[in-house]
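Beneath this line is the structure, given in structure tokens, with notes to follow.
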Amino acid sequence: MRDTLSDSSHRPKLSDHTVTKRVIILALMGILIGTGGAFGAIVLLHLIALMTNLFWYHQFSFTEHVMPGNAGALHILAAPVLGSLIIGVMARFGSEKIRGHGIPEAIEAILYSESRMSPKVAVLKPLSSAVSIGSGGPFGAEGPIIMTGGAIGSLFAQLFHLSAAERKTLLVAGAAAGMTAIFNAPVAAVLLALEVLLFEWKPRSFIPVVSAVLVSWCWRNALIGTGAIFPFQWVTHLQPMQLIVAVGIGALTGVIAVALSKSLYRLEEWFHQLPVHWMWWPALGSVAVGIGGIVQPRVLGAGYVSIQNLLDGSLAINIIISLLLVKSIVWLISLGSGTSGGVVAPLLIIGGAVGAVVAHLLPGYSGMLVMAGMAGILSGAMRAPLTGTLFAVEVTGHFDLLPVALGAAVASYAVSVLMMPRSIFTERLARRGHHIVQEYATDTLETTKARQIMTAAPATLPGSTPLQQVIAVMSDLHAHHHYPVVDAQDRFIAVVSRKEMIHWQLQQRAMDISLQELLSDQPQMSAHPDTLCSHIADHLFSEEVGMVVVTDVDSGEVKGVITRHDIFRVRYLAQKAESFKVRYLGLRKSA
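Read in order, the letters of the sequence shown are residues 1235 to 1825 in this note's numbering.
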């Protein structure tokens, strides 16, 4: 029996994208997950408000208040320490996965845990983050809600019979939905999913994520409000010189993003060397938060008011510089200690402050340059230039400044990838022994055909060959491990291997029996010259065979063979296309 990998029963119909009707089911699930992510974000915001009131105003209330600017020094020092002690206990006796800023943990669950997250994380992550931010921790809600929304999506997915790839899609859909509800930035949330979390761009994942994000956006507008969360006035028409300045700010924030990332992990190493249990590290780190809060009260909490002040240009230069320096220090120390919190809000303040400092040298461009700093720092730290661009645009509502945000984001991205091999997220995973690749590329096996890599005109064995002669041929040290077997018209019959030869010898089969008789009942698979190498590779490894024979479409004659070595050679050729340099055109002086 002979079949071919080119038959429709053995491969999906070729198309630009791999997608099935299951994407409709996932998109419908995305509607429910978007609702869950939105309400998870609302719960987180209410928890932060509650903890802020408990730690700073000593009242049980869900009414939003900013951090008090007139609290006593002892109060400012004690509140972060108490909150960090609570977080340490929650991490020690609840789940260690609540430590950190959430996004590396989400990536780790996606890549190494088949997108399965525990119910503990869904409960403890928002609670611990609310305690951290509410007690004065210099964090925002974005990292925690990505972890929380991701947990909601993962738990929902685990209720159904889904593949790991489908669970990943729903986990990321929950994370993106949560971010949308917090920042009212749906496009940036989708781009964050694509650039940081999904590690693919396929209809199967893109459509459900967008479904969840749009539903979350609707809930957000209905329950929280509409409009940009950080609006500012800008009426000047954009000029090329302003764009050049924005690109310069982007390059500067790229350097700062690298410095922040390296400093963060140096501090983590320092905490790991302490002779105390990690449960106490957040409390030790929060001492720096308290001291920083005494020096500059604006560093306490998420700091959304400070972001707005930076965009409005209402802060004096000395306040901006102190905010930039103190916020950077307390955020790095606190996050390095392993407490629970996010990175986006602190980065917005740091990048915005850089832009504000430059704006003091160029009066009249305050909001635009602050926005450029925000886009640049996010892009450089997260290695997500499109996310950084659209996030800065959406949270400010200034789509007219899209070129500014894009220029700053790409400049920062270019600087950071050249200066540091990992992002602020993937560096943590690398230190845990994981290697992450964030580049997207077309699978070369999906675009390479059998005729391009096959060994043409291979040696064959006639089907009439008796077993005794086959044993003699294949016992030769220089013989191949596999041979195609053909009939009198050179049409493919089967593949014979040394393994089968040894098996027949052990069975003491008759030496005069022909190969065609021995192999007549065995199903065999062949390929055609136009068969994609991806299908051949799947067959080689799933069936654990060493060779696939390539036959003529009409006659069935053997045209070539493909082995596992040939499949690996496809990758080599793709790598060669990246590294091998040749010049085809040039200017030469005529004789």
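Note that the Cβ used here is the ideal one computed from N, Cα and C, for glycine as well.
Computed from a predicted model, the values in this text were never measured in an experiment.
Asked	Found
Taking contact to mean 3 or more Cβ pairs, one atom from each stretch, closer than 8 Å, check whether the stretch 1573-1590 and the stretch 1543-1560 are in contact.	yes
For the putative contact between residue 1577 and residue 1464, defined by C-beta atoms under 8 Å, what is the C-beta separation to the nearest angstrom?	Not confirmed; about 17 Å, so no contact.
How should residue 1426 be labelled, buried or exposed, when 16 other C-beta atoms within 10 angstroms of its C-beta is the threshold for buried?	buried
Quick check: what's the CA-CA separation for residue 1688 versus residue 1725?	17 Å
The alpha helix (DSSP H) that contains residue 1388, what's its start and end?	1376-1391
Beta strand (DSSP E) containing residue 1758: first to last residue?	1758-1761
From the DSSP output, which residues share a beta bridge with residue 1695?	1719
State yes or no: is the C-beta of residue 1409 within less than 7 Å of the C-beta of residue 1377?	no
Is residue 1337 near residue 1358, with beta carbons less than 7 Å apart?	no
Would you call the CB atoms of residue 1522 and residue 1564 closer than 7 Å?	yes
Quick test of the definition: if touching needs 3 or more C-beta pairs under 8 Å, does the stretch 1295-1306 touch the stretch 1491-1498?	no
Please state whether DSSP places residue 1583 in a helix, a strand or coil.	helix
Could you say which of 1771, 1545, 1729 lies nearest to residue 1751 if we only look at CA atoms?	1729
Measure the C-alpha to C-alpha separation of residue 1314 and residue 1405 and round it to an integer number of angstroms.	31 Å
For residue 1225, tell me which candidate among 1385, 1397, 1361, 1610 has the shortest Cα-Cα distance.	Nothing about residue 1225 can be read from this structure; the chain reaches only from 1235 to 1825.
Answer yes or no: do residue 1593 and residue 1609 have a C-beta to C-beta separation smaller than 7 Å?	no
Along the chain, where does the beta strand (DSSP E) that runs through residue 1449 open and close?	Element bounds for residue 1449: not the beta strand (DSSP E) but the alpha helix (DSSP H), 1437-1457.
Would residue 1570 pass as a contact of residue 1407 if the rule is Cβ separation under 7 Å?	no
Taking all protein chains shown into account, decide if residue 1252 is buried (16 or more other Cβ within 10 angstroms of its Cβ) or exposed.	exposed
Ignore the nearest five residues each way along the sequence and tell me which others in residue 1696's own chain have a CB closer than 8 Å to its CB.	1719, 1720, 1721, 1722, 1749
Going by DSSP in three states, residue 1541 sits in which element: helix, strand or coil?	helix
What ranges does the alpha helix (DSSP H) occupy inside the stretch 1450-1534, keeping only unbroken runs of at least 4 residues that lie completely in it?	1474-1506, 1515-1529
Run the CB neighbour count on residue 1813, radius 10 Å, all protein chains shown included, and call it buried at 16 or more, exposed below.	exposed
Check for me: the beta strand (DSSP E) holding residue 1731 runs from which residue to which?	1726-1731
Roughly how many whole angstroms lie between the Cα atoms of residue 1654 and residue 1645?	14 Å
Please go through the same chain and pick out, in chain order, the residues whose beta-carbon is closer than 8 Å to the beta-carbon of residue 1844, but skip the five residues on each side of it.	Past the edges of the chain, shown from 1235 to 1825, lies residue 1844, and the structure says nothing about it.
DSSP three-state label for residue 1235, please.	In this prediction, residue 1235 scores a pLDDT of 48, lower than 50, which makes its location untrustworthy; no coordinate-derived value is stated.
Tell me, to the nearest whole angstrom, how far the beta carbon of residue 1676 is from that of residue 1804; I am working on the premise that it is less than 8 Å.	Contact doesn't hold; Cβ gap of about 12 Å is too wide.
DSSP on residue 1242, reduced to helix/strand/coil?	Below a pLDDT of 50, predicted positions are generally treated as unreliable, and residue 1242, at 48, falls in that range; no measurement from the model is reported.
Anyone know if the C-beta pair for residue 1642 and residue 1480 falls short of 7 Å?	yes
Could you check what DSSP says for residue 1434 in three-state terms: helix, strand or coil?	coil
Can you tell me which residues form a DSSP beta bridge with residue 1405?	DSSP lists no partner for residue 1405.
From this set, 1273, 1308, 1270, which residue's C-alpha is nearest residue 1526's C-alpha?	1308
Find out if the Cβ-Cβ distance for the pair residue 1402, residue 1310 is shorter than 7 Å.	no
Let me know if residue 1580 comes out buried or exposed under the rule of 16 or more other beta-carbons within 10 Å of its beta-carbon.	buried
Going by DSSP, what residues sit across from residue 1889 in a beta bridge?	With the chain represented from 1235 up to 1825, any question about residue 1889 goes unanswered, as that position is not in the structure.
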